[in-house]
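In terms of UniProt numbering, the sequence shown opens at residue 1 and continues consecutively. C-beta atoms are modelled at their ideal positions from N, C-alpha and C, and glycine is treated no differently. Note that the structure is predicted; figures quoted are calculated from it, not measured. What follows is one structure encoded as structure tokens, with my remarks underneath.
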Amino acid sequence: MPTAKVVFATITGNNEDCADIITEALEDLGVQVDESEISQTDAAEFEDYDICVVVPYTYDEGALPEEGLDFYEELPDLDLNGKIFGVAGSGDVFYEEFYCVAVDAFGKAFQKAHASQGAEPVKINLAPESEEDLAQLDTFAKKLVDSYEAAQK
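Below, the structure is given as structure tokens:
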């Protein structure tokens, strides 16, 4: 059974909701999942899981979650070769060019750690409430599992 670590940062609760949806979708696909808040998590924990997921918020004009800065800075220094990663997050399109930039930043940090991208990043506007949002997050989880299984062959 594959294992996954889902780490989220949230102010409004929207990213925790996204993380919960991803966690449930992964569990429905037979993955053993551990979900935690970013300030309560050490980035090195990803070394113990097959699938690594971060669900960060973007603050104001492109700032990363303050409580997750240490996590973010440690991530590229890890050796996550052989691990599958995905990044999803909620943001507000009001911020235009700064919309969900933390999602992209965490994706680059995973690449520097030599993890393999298992799914395209998902960016949700505000709360993940629409059928389209739920479908995007379910598909994200499925692609992560498919990528993990493909890597095992």
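Cutoff 7 angstroms; reference residue i; Cβ partners in own chain excluding five residues on either side
i    : result
D133 : I124
Residue i - DSSP class collapsed to helix/strand/coil
i           : result
residue 157 : Past the edges of the chain, shown from 1 to 153, lies residue 157, and the structure says nothing about it.
D34         : strand
K112        : helix
N81         : coil
A19         : helix
A151        : helix
G86         : strand
A63         : strand
CA-to-CA distance, residue j to residue i, given in whole angstroms
i    : j    : result
F71  : V6   : 13 angstroms
V145 : N14  : 23 angstroms
L78  : F46  : 9 angstroms
A63  : I38  : 15 angstroms
P76  : S130 : 33 angstroms
A119 : K153 : 18 angstroms
F94  : A9   : 20 angstroms
S116 : D20  : 23 angstroms
F140 : V122 : 7 angstroms
D138 : A25  : 6 angstroms
D34  : P128 : 21 angstroms
From the options, residue whose alpha carbon lies closest to that of residue i
i    : options              : result
T12  : L69, D77, T58, L80   : T58
L69  : T3, A102, Q152, I51  : A102
D60  : A127, P2, C100       : C100
E27  : K142, Q117, T41      : K142
Q136 : V87, F94, Y95, A44   : V87
F106 : D138, N81, V55, E97  : V55
T3   : V122, D17, F140, T23 : T23
Own chain, CB closer than 6 angstroms to residue i, minus 5 neighbours either side, in chain order
i    : result
D104 : none
S90  : N14, N15, C18, I124
V50  : Reading the sequence as shown, one finds Asp at residue 50 and not Val. Closer than 6 angstroms at the Cβ level, and outside the excluded window around D50, lie P2, T3, Y148.
Close Cβ partners of residue i (< 8 angstroms) along its chain, the five nearest in sequence each way excluded
i   : result
M1  : G30, V31, Q32
E74 : D42, A43, A44
Counterpart residues of residue i in DSSP-defined beta bridges
i    : result
V7   : S36, V54
N125 : G91
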